[in-house]
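Participant:
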Amino acid sequence: MATTSLKTMNPFLSNFRGIVRKNRLLMIFLTFLSLLGLPVLLFVGVELRKYDSEMSDYYAAPNEAVTTPQDMSEIFQTTLTIVSILAMVVIVFMIANAAIQAFSYLLKKSDTDLYFSLPMNHNQRFFSCYLGGLTVWLLPTLISNIITAAVLSIMEAPTEFFLCLLIYDLVALWLYTLTVMCVNFCGNHLSLAFALVVFGVLTSFIANDASVQLIQMQCVYKGAFFEYFLSHLAGPLGPTFRDFGFDVILYECNRAQIGLYCLLGFAACIVLEFLAAWFVHGKRKAETVSKPFPIRSAYHLMQFFTVMFVVILFTEISAENAVYPYMEWERPLLYPLLAVIACLLILLILDLITTRNLKKMPRRIAGYVLATAAAFIVFFGLNYTHFLGFGDRTPSKLGLVEVKAEMENTTLYLREPANVDSINEVLAESRKTMPSEAALIIDIEYNYGNKQKFYGMPIPNEQKEALEQMIHSTSNKEFWCTMLKKILDANNSDAHMLQFGTKYSPYDNNFGYLSVPKLSAEDCDRLLEAYRKDWDSSGWTANDFKYYEYFFQSRVVYDALYGEYREYLEETMDDGTQLWFMGQFPGSRLYIPEAFKNTIAVMEDILPVPTIEDVFRENDLKLIPKQEFAFGETWGFYREIPPEDYIKLDAKAFKALYHHIHTSYDDMGDVAGAIPIEDYRWLYLDKAGDAIINNYFKDQLQKIYNAESADS
Amino acid sequence: MISFKQVTKAFDGQTVLDSISFDIPKGSAFGLIGSNGAGKSTILRLMSGVYQPDSGEVLLDGKPIFNSPDNKCRVFFVSDETVQYHSFTIKSLANFYKLYYPRFSDALLEKMLKAVSLPTNKPLSTFSKGMKRQAITMIGIAAQPEYLLLDEAFDGLDPAMRKLVRQLLIDRMLEENMTIIISTHNLTEINEICDSAALIHDNRIIFSRSLDDIRSNMHKLQLAFPTDAPAYTKEQLAETGTEILHFEKQQSVYHLVVKGDEEELCERFSALHPVVCDLIPLTLEEIFIYELEVLGYGNYVFENDEPVSQ
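As you go down the protein sequences, you meet chains V and B in turn.
Heads up, the first sequence is in the working numbering, so the first residue is 1 and it goes up one at a time.
Heads up, the second sequence is in the working numbering, so the first residue is 1001 and it goes up one at a time.
1. Could you please tell me which residues of the region 89-119 of chain V, in chain order, have their CB closer than 7 Å to any CB of chain B?
2. Less than 8 Å separating the beta-carbons of F127/V and F199/V?
3. Cutting at 8 Å between CB atoms, please list the residues of its own chain near V726/V, excluding the five before and the five after it.
4. Any beta carbon of chain B sitting closer than 8 Å to that of N184/V?
5. If you drop the 5 nearest sequence neighbours on each side, which residues of the same chain put their C-beta closer than 8 Å to that of H122/V?
6. Can you confirm whether P11/V, when its beta carbon is compared against all beta carbons of chain B, has any partner nearer than 8 Å?
7. With 8 Å as the C-beta to C-beta threshold (strictly closer), list the residues of the region 1150-1180 of chain B near chain V in chain order.
8. The alpha helix (DSSP H) with I353/V in it runs from where to where?
9. Can S1266/B and L1279/B be called in contact, C-beta distance under 8 Å?
10. Using the C-alpha atoms, what's the distance from R1172/B back to F1207/B?
11. For Y591/V, count neighbouring C-beta atoms within 10 Å of its own C-beta (all shown protein chains included) and say buried if the count is 16 or more, exposed if not.
12. In the DSSP assignment, find the beta strand (DSSP E) that holds R1209/B and state where it starts and stops.
13. If the cut is a Cβ gap below 9 Å, which residues of chain B does R17/V touch?
14. In terms of residue numbering, what span does the alpha helix (DSSP H) encompassing P1281/B cover?
15. Between the region 1245-1265 of chain B and the region 1219-1233 of chain B, do at least 3 Cβ pairs fall closer than 8 Å?
16. Looking at I606/V and D534/V, is the spacing between their C-beta atoms short of 8 Å?
17. Under 8 Å between the Cβ atoms of I19/V and G132/V?
18. Measure the alpha-carbon distance for Y531/V versus E468/V and round it to whole angstroms.
19. Kindly indicate if chain B contains any beta-carbon less than 8 Å away from that of H713/V.
20. Which residue from S1055/B, F1030/B, I1181/B and L1109/B puts its Cα closest to that of I1020/B?
21. Thinking C-alpha only, which one of A149/V, E594/V, R125/V and L350/V is nearest L190/V?
22. Helix, strand or coil: how does DSSP classify Y384/V here?
23. What's the C-alpha gap between I1205/B and G1039/B?
24. State buried or exposed for A277/V, treating a residue as buried only when at least 16 other CB atoms are found within 10 Å of its CB.
25. List the residues that DSSP assigns as beta-bridge partners of M483/V.
26. Does the region 1156-1169 of chain B come close enough to the region 1183-1201 of chain B to have 3 or more Cβ pairs within less than 8 Å?
27. Could you spell out the range, first to last residue, of the beta strand (DSSP E) harbouring V198/V?
28. Just to confirm the assignment: which complete alpha helix (DSSP H) runs, minimum length 4, are found wholly within the region 1026-1113 of chain B?
29. With the cut-off set at 8 Å, would you say T1242/B and S1028/B are in Cβ contact?
30. Under 8 Å, CB to CB, which of the residues in the region 1037-1065 of chain B have a partner in chain V?
31. By the three-class DSSP mapping on this structure, what secondary structure does L683/V have?
32. Which partner residues does H232/V have in the DSSP bridge list?
33. What is the rounded straight-line gap between the Cα of I1052/B and the Cα of L1046/B?
34. Who are the Cβ neighbours of V310/V in its own chain at under 7 Å, not counting the five residues just before and after it?
35. Report buried or exposed for V1276/B, applying the criterion of at least 16 other Cβ atoms within 10 angstroms of its Cβ.
36. Measure from the alpha carbon of S144/V to the alpha carbon of each residue in T31/V, G235/V and L86/V, then state which is nearest.
Here it is in structure tokens:
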């Protein structure tokens, strides 16, 4: 008699082991790819940082014979980056494949008897398959994570590189769970591909679009929650398309709320997909294997999302600003009709390919008609009910610190309760009169001090009188007078330089912002006095704030990532309540409307800056033709400028050009810009290369400051 | 014991099994016979828990099989499809099933494989149809389930292998009291292995009982009367209280297939004073044909290339 094992089997563990064992080759392949993908990519990232630092050292000591790090880094960096990005692309497919392999018995008719007859119940089968497939890609990923983390630690990489690991894992988990859900919804590979597109891309786009439109509606709700939680609720792709997906998670994680909402939204998306997959798995029958769209409700949901997506797409095509809240169909019949026809074609072709059966077509067309009707009802329903009334909520006055109203070129700060009431009335009135072609677009932010911010909505022109009252309010005037004083005070430190600009776009006249030398105490007082006087006058209106003559701004000279800057502010600024403002926008800008005649007169008197033509002539520099500078096209091109070009610019020439440094800062505090140099070229300040350029400027400017200090 | 109680199963609105009920006692060898598409494979899939009945119950010792790991663990289903095993070798398939069937015996498998000389490290996709069948059936036997379900298990096997597999199954029945449920068109196997069988036709169970009962209940009757005796019609003969499945008359000689007890039939027809009254036992195949003939299945001739019911 044969020997018999009498041990008790755990079906869950058995199936789990079976899945892992079956996919061990895939696991080995993924391990290889994972080691080639993320660690290498991050390694290159850290290397780039190091490279920047080395370049900076190189420029700091231009006379010493040192090897340019650029030469040895570029090929290495490019090759590795391409290899690792390709590996990452393959990994994405392999992760989806791991899910398909784990639940392959739902797609292959021939596997039905084998897998459905195994001694397991629904839950054991689902969880063991889910975890089995998960292990297939997660194990290689964890190995890669550990190695990457170790390498990053040794390289002393910044925190965001470690956060990349977390985001990568979350995205991989989302993709895996999404695929599992879609495999359970679908019966064959084609319908699975369609489901992945619908639930992975289209719903993500729709949710993100809804979130963006809610925000644009300026309805009063927790902006951070809607913006970052809801937009991630259907996956990371939509927000990523809109440029505030991974970046936000990556860079804003330390700002607890926003980062947390992103991660929570993301996690919630994964949990929802997991629950949907589990629920549907319990409904899947062996006899539906390999049949397209066996879960009819899921198929109708897919139809609905497809129609919704196409309708939104056509809406956006039909009118530039046609969005949820203020949708304006340029041709009210044509575009919806085109959207419906496009959807019908997509869905019918898909049906025909997947079912290869014309007999059931009438039923499917009926399904499509219902899905279309539902999509239109939801779309227009949300539009006309202002997102079920969410857009009509009025912010509470309780705990309100201030109301910030941003017009096109200025910001109003309203702290008086009467103004809060007024602005609420304006909001309420605005909702009734929208849409209005002559709208004066103003974003309103309610600051409750605990980082919760509520947004208002665009104000139509009809409400400008109410707005003018607020502009003339004492609190607003005081805020801006204080702001000008702080900008001028900040200019007294070496960390800042004062700049002013004209109403013309800096890129139109080549040399926009002008950096000015330190002003004397008397000049500062004159300027402040004139400014205050202009605020007190009543000869201007809200519309005047749409057009400015000049603006002031305080620029951080170096260390654009505002760590040191913040420290500096904390030391020098006595009013802590303004710190957030300065901290978030290192180049705080103060606009001088055309109506502020007194201020403009003083400015023109105390800021006689030579024209750039004069500077070039006096310094024997060639003027750069206007057309040579194409913003955007050559951005970040500075690496191709030979290092000698930097060095040739001697201190005298640099000093002369100092006033013409042409810079701008983005919200992250990165510096970008350019200054003109000889040979018809610009010396670019690139966002990514800020460390190099800023250190170089820092040294050069320091010399100029020192020289000016000695002269004075 | 496996029990079907008022089980109904439909696919895409088409009923395949219509409220069927029957029992399979433990330790028996049960044959499922029936016309093509009668629902034999569906019954096996219901027994193995692949399908869930739309209504009614499929029970193993009084408990439902579907979604019950404990019960499914006692059943091993060898499907008529072999494509799903193509990526496996015998060794990997054994390792696979070992994870789920705690009584799986490597030694038993080894012993059986020695007898058939199948390569254990070659993918099953390289095997012939018969070799695949052998391999999978042997894996099923090695899993040592209480109930082994074989769907067209002998399909593609050569006569020597049929004999061997048959012997292996009988051995397991004797040694382990394993219940074997075979679905096949080949009635010879049923005849040689099974002790009871069910005939399925047109979504229903026509009969389900032991083979002895089946055989003893149906006979071929040959009657011969003197030439001057009056001619009998089928209806006149049926008036004796006999269920006549088949009626054929050649002059004064009658060939009938009738249902009933042997002695009773002899007594009944002797009263008509035939010259000859012989009862000849029917083969299972003949029983199958005559039973279905009554139901109108396969009872066609071709006239002008068109099937015409006889």
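A virtual CB, placed ideally from N, CA and C, is assigned to each residue, including glycine.
Please read these numbers as outputs of a predicted model, since none were measured by experiment.
Facilitator: So, from the listed chains and residues:
1. S110, D111, T112, D113, L114, F116, S117, L118 and P119
2. Against the first sequence, residue 127/V aligns to sequence position 127. Against the first sequence, residue 199/V aligns to sequence position 199. In this structure, F199/V does not lie closer than 8 Å to F127/V by Cβ.
3. Not covered by the structure: residue 726/V. The range shown for chain V is 1 to 712.
4. In the first sequence, the residue the question calls residue 184/V occupies position 184. So no, N184/V is outside the interface.
5. As a working mapping, residue 122/V is identified with position 122 in the first sequence. Hits under 8 Å: H281 and G282.
6. For this step, residue 11/V is matched to residue 11 along the first sequence. It does: the Cβ of P11/V has a partner Cβ on chain B nearer than 8 Å.
7. E1175
8. Locating residue 353/V in the first sequence gives position 353, counting from the first residue. L334 to T355 is the span of the alpha helix (DSSP H), which, as asked, contains I353/V.
9. By 1-based counting over the second sequence, the position of residue 1266/B is 266. By 1-based counting over the second sequence, the position of residue 1279/B is 279. First, the amino acid is wrong: residue 1266/B is Cys here, not Ser. Against a cut-off of 8 Å, the Cβ pair of L1279/B and C1266/B comes out as a contact.
10. As a first step, residue 1207/B is located in the second sequence; it is residue number 207 there, counting from the start. As a first step, residue 1172/B is located in the second sequence; it is residue number 172 there, counting from the start. The straight-line gap from Cα to Cα measures roughly 27 Å.
11. As a working mapping, residue 591/V is identified with position 591 in the first sequence. Flag for Y591/V reads buried.
12. Taking the second sequence and counting its residues from 1, the one referred to as residue 1209/B is at position 209. Looking at the DSSP string, the run of the beta strand (DSSP E) that includes R1209/B is R1204 to S1210.
13. Numbered from 1 along the first sequence, position 17 holds the residue referred to as residue 17/V. Under the 9 Å cutoff, chain B gives L1099.
14. Residue numbering aside, residue 1281/B sits at position 281 when the second sequence is read from its first letter. Careful: P1281/B lies outside any alpha helix (DSSP H), inside the beta strand (DSSP E) at V1276 to P1281.
15. yes
16. Indexing the first sequence from 1 puts residue 534/V at position 534. Indexing the first sequence from 1 puts residue 606/V at position 606. Taking 8 Å as the Cβ cut-off, D534/V and I606/V do not qualify as a contacting pair.
17. Mapped onto the first sequence, residue 19/V falls at position 19. Mapped onto the first sequence, residue 132/V falls at position 132. Yes, Cβ-Cβ distance for I19/V and G132/V is below 8 Å.
18. Reading the first sequence from its first residue, position 531 is the one you call residue 531/V. Reading the first sequence from its first residue, position 468 is the one you call residue 468/V. Rounded to whole angstroms, Y531/V to E468/V spans 18 Å at the Cα level.
19. Lying outside 1 to 712, the shown extent of chain V, residue 713/V is not represented and no answer is given.
20. Working through the second sequence from its first residue, we reach residue 1020/B at position 20. The option with the nearest alpha carbon to I1020/B is S1055/B.
21. Taking the first residue of the first sequence as position 1, residue 190/V is located at position 190. Comparing Cα positions, the closest option is L350/V.
22. As a first step, residue 384/V is located in the first sequence; it is residue number 384 there, counting from the start. Residue state, collapsed to three classes: helix.
23. Position 205 of the second sequence, counted from the first residue, corresponds to residue 1205/B. Position 39 of the second sequence, counted from the first residue, corresponds to residue 1039/B. Looking at the two C-alpha atoms, the distance is approximately 10 Å.
24. The residue given as residue 277/V occupies position 277 in the first sequence. Classification of A277/V: buried, given that the 10 Å Cβ count is 16 or more.
25. Locating residue 483/V in the first sequence gives position 483, where the first residue counts as 1. DSSP, once it has assigned bridges, lists no residue as partnering M483/V.
26. yes
27. Position 198 of the first sequence holds residue 198/V. From DSSP, V198/V is part of no beta strand (DSSP E); its letter is neither H nor E.
28. 1040-1047, 1069-1072 and 1090-1098
29. One-based indexing of the second sequence puts residue 1242/B at position 242. One-based indexing of the second sequence puts residue 1028/B at position 28. Not closer than 8 Å, so no.
30. R1045, S1048, G1049, V1050, Y1051 and Q1052
31. Position 683 of the first sequence, counting from 1, holds the residue named residue 683/V. With a pLDDT of only 48 at L683/V, under the threshold of 50, the placement of this residue in the model should not be trusted; the figure read from the coordinates follows. Of the three classes helix, strand and coil, the one that applies to L683/V here is strand, per DSSP.
32. As a working note, residue 232/V is residue 232 in the first sequence. DSSP lists no partner for H232/V.
33. Taking the second sequence and counting its residues from 1, the one referred to as residue 1052/B is at position 52. Taking the second sequence and counting its residues from 1, the one referred to as residue 1046/B is at position 46. Correcting the residue identity first, residue 1052/B is Gln in this sequence and not Ile. Computed Cα separation, rounded: 6 Å.
34. Position 310 of the first sequence holds residue 310/V. Around V310/V: A339, A342 and C343.
35. Locating residue 1276/B in the second sequence gives position 276, counting from the first residue. By the neighbour-count rule (16 or more Cβ atoms within 10 Å), V1276/B is not buried but exposed.
36. The residue labelled residue 144/V in the question sits at position 144 within the first sequence. Residue T31/V is the option with its Cα nearest to S144/V.
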